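These notes are about the structure you will find just below.
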Amino acid sequence: MTSDATAIDPALIAEVESFQHRLLIRAGFDPETFAQRSDADEVTLPIRIASRGLRLIFRITGHRDRAEEIGSFIEYARERSREAPLLRKLTAERTARDPAPVSRYQRRDDHSFLLEIRSLIRAALDKLPAGDPLRDMIQTIDRTLLATAPLGRCDAWIRASADRRSFAITIDDEIVRLASQMGFLFAEIIGEHRNTMILDSHRAEELLTKADGPITQFGKIVRGFIIDGSSLMAIPPARPSRFSRDVMATFVQLAAIFILAHEYSHAHLGHFDDHGQFLRMMEECEDDDEEAARYQKARTDSIEAEADANARAVVLCVCRFWNYDPSLMGPAAVSILSVYDAVYRSIAASAGFDESRADAIVSRLFDHPSPSERLRRLINPSAPSDVWAHYVAKGLAQHRFEVRPDRIHRRWSGLLTALSRVATS
Ligand SMILES: [Zn+2]
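Numbering (my numbering), first residue to last: 702 to 1126.
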C-alpha cells in the first residue's frame, strides 16, 4: 500500500468522528468505550448469569420452551466468549497489517471486517484490464475512510474532503451482523447437492410461506434489530453444518461487498454537489419548494439507480474472480435490503401507519428510494439468474412483525421522529 493510500484529509476524519459521536449518544452508547466493544464481549458473563436465573424460573414455572430457548442462548454465549480472545487477536493482526486510517469511535472488529471486504473488492477489480472504468474505482477505494455508526437506516452517509481528493463512508454498524444472520437463514432455504448450492426457487417459496419455517428466524432477526438495536441475539443454529457455514460466509462477503460498492460508486461516479457534499444528507431537507423537492427526488433516484447498477457490476466482477455463479448477485442484495424493508414496515405499522404506505413514507422521509424500490430495480424476475432472489425477496416481504411502540430501540429514534412529523404534517 502506498503512502497515498492512507492520505485521508484529517479534517474529514474529524467530521466523521463528530458524526459518529452524535449518533452513538442518540442510540444510547458511551462513545468513549464504544471502539473497544465486540460481539463476543456483548454476550458474556453478566448476561449469562442473568440468563441462568431466568432459565431456572422458566423451568420452575413450567415454561419449558422458554427455558430451552434460554439454554441455547447460554450455550451460544459461552461459545462466543470462548472465541473472544482469538477474535481480538485476529482483529489486532488484521488492522496492524493495514495502515488504513481509522476513526477513534470506530469499533475495531467492524473496522477489521471492512478492511477485509475492501481488499476483496480491490483484488477483484485489480484483475480487470487496464482502462476498464470499473478498475479505476481502485483509486477511490484507496482514498476512502470507512466507518460504521448506528445510523438506524439502510443507506449510508458519504462525504468528500474539501479538495475532493479523499472520501469518507459511514455505514450502519449492524450491516455486518445482519449479513451473517441472513447468511445462516439462506443456508436453510438453499438446497445442497454434493456441497454445492442449489437455488431452487419453488423450495424457497414454499419454505418462506410456512409460519413455522425459516421465517421464524427472520422474525427474530427483525425483532431483535428493532427491540435490542441489534440482531446479535437472534441466535443462529447451535451446530451449523459445514455447508451452512460456507453459505453464511459467502453471503456475508457478497452482501457487504454490495453495500460498500454502492457507496464507493457514489464517490467514483462523482455524485457530489458543488460544495463537495453529497446531495442526500442525514439532516432532513426543510425545503418547501415542491418543484425543487421533485427535482431533488428525481436526481436522487437516478443517482441511486446508477450507484446500484455499478455496485451490481462490482459484485459480478467479484463472482467472476472467485468463480462464483453470477446468480448470487441477487441474493446478496436481498439479504440486507429485505431486513431493512421488514424493519421499516414493522416500525411504521407499530407506530400506527398504514403498512401499505410504508414504502412511500420511507422514501419520503429519507429522500431516498426505499429498500423494496431498490430490490424491484435490481432484480429482474424474468431473468433466469434472478428468479431465486425474486421469490426470496417476495417471500420475505409477505411478513411484518408486531412490536410494542414503547419497546422500539433508541437506534430508531430518528425514524420515529420523522414518522411523527409526517403524521402531523
Ligand atoms: Zn446511495
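Note that beta-carbon positions come from the ideal geometry of N, C-alpha and C, so glycine has one too. All values derive from a computational prediction rather than experimental measurement.
Problem set entry | Straight-line gap, leucine 846 to proline 1027 (C-alpha atoms, nearest Å) | 29 angstroms
Exercise. What is the DSSP secondary structure of threonine 762, counted as helix, strand or coil?
Worked result: coil
Problem set entry | Local conformation of alanine 1034 per DSSP, three classes | helix
Exercise. Can you give the Cα-Cα distance for threonine 871 and alanine 728, rounded to whole angstroms?
Worked result: 15 angstroms
Exercise. Can you check whether the CB of leucine 724 is closer than 8 angstroms to the CB of alanine 1129?
Worked result: The requested residue 1129 does not occur in the structure, where the chain is confined to residues 702 to 1126.
Exercise. When a residue counts only if its C-beta is closer than 6 angstroms to some heavy atom of ligand 1, which residues count, in chain order?
Worked result: Asp856, His963, His967, Glu1005 and Ala1008
For this session: Classify leucine 1117 as helix, strand or coil using the three-state DSSP reduction.
Result: helix
Problem set entry | Beta-carbon spacing of alanine 880, isoleucine 1080 below 8 angstroms | no
Exercise. In this structure, does DSSP put glycine 892 in helix, strand or coil?
Worked result: strand
For this session: Give me the Cα-Cα distance between threonine 734 and leucine 1017, rounded to the nearest whole angstrom.
Result: 38 angstroms
For this session: Might you give, ordered along the chain, the residues of its own chain that have their beta carbon closer than 6 angstroms to the beta carbon of valine 1035, omitting 5 neighbours on each side?
Result: Ala1090, Val1093 and Ala1094
Exercise. Glutamine 840: buried (16+ other C-beta within 10 angstroms of its C-beta) or exposed?
Worked result: exposed
For this session: Identify the continuous beta strand (DSSP E) that holds isoleucine 870 and give its terminal residues.
Result: 868-873
Problem set entry | DSSP three-state assignment for aspartate 810, whether helix, strand or coil | helix
Exercise. What are the start and end residues of the alpha helix (DSSP H) that includes isoleucine 709?
Worked result: Neither: isoleucine 709 is in no alpha helix (DSSP H) and is coded neither H nor E.
Problem set entry | glutamine 1099 to alanine 1059 span [Cα, whole Å] | 13 angstroms
Exercise. Is serine 1047 near valine 1104, with beta carbons less than 8 angstroms apart?
Worked result: yes
Exercise. Between isoleucine 818 and the rest of its own chain, which residues show a CB-CB distance below 8 angstroms, the 5 nearest in sequence each way excluded?
Worked result: Gln954, Ala957, Ile958 and Leu961
Exercise. What residue does the alpha helix (DSSP H) around alanine 863 start on, and which one ends it?
Worked result: Looking at the DSSP string, alanine 863 is not in any alpha helix (DSSP H), and its letter there is neither H nor E.
Exercise. Helix, strand or coil: how does DSSP classify histidine 885 here?
Worked result: Per the sequence presented here, residue 885 reads as phenylalanine, with histidine not at that position. It is helical.
Exercise. For arginine 789 versus serine 739, is the C-beta distance shorter than 8 angstroms?
Worked result: yes
Exercise. Just the Cα atoms here: how many angstroms apart are arginine 946 and valine 877?
Worked result: 15 angstroms
Exercise. Hey, alanine 999 and histidine 967 are a contact pair by Cβ (cut 8 angstroms); roughly how many whole angstroms apart?
Worked result: About 17 angstroms; that fails the 8 angstroms criterion.
Exercise. If you draw a straight line from the C-alpha of tryptophan 858 to the C-alpha of glutamine 721, how long is it?
Worked result: 11 angstroms
Exercise. Hey, out of Phe926, Gly1115 and Lys828, whose CA is closest to methionine 934's CA?
Worked result: Phe926
Problem set entry | Secondary structure of phenylalanine 973, DSSP reduced to three states | strand
Problem set entry | Extent of the continuous beta strand (DSSP E) to which leucine 847 belongs | 845-850
Exercise. With a Cβ-Cβ cutoff of 8 angstroms, do phenylalanine 944 and alanine 888 count as a contact?
Worked result: yes
For this session: Could you tell me the boundaries of the alpha helix (DSSP H) in which isoleucine 922 lies?
Result: 916-928
Exercise. For the alpha helix (DSSP H) that contains proline 1072, what are its first and last residues?
Worked result: 1072-1079
Problem set entry | Residue range of the beta strand (DSSP E) that includes methionine 898 | 897-899
Exercise. Considering only C-alpha positions, which residue in the set Trp1113, Lys828, Pro711 and Ser931 is nearest to arginine 860?
Worked result: Pro711
For this session: Confirm, please, whether the CB-CB distance from glutamate 875 to serine 942 is below 8 angstroms.
Result: no
Problem set entry | Member of His972, Cys1020 and Lys911 whose CA lies at the smallest distance from the CA of threonine 1001 | His972
Exercise. Since leucine 1116 and glycine 853 are thought to touch, with beta carbons under 8 angstroms apart, how far apart are those beta carbons, to the nearest angstrom?
Worked result: 6 angstroms
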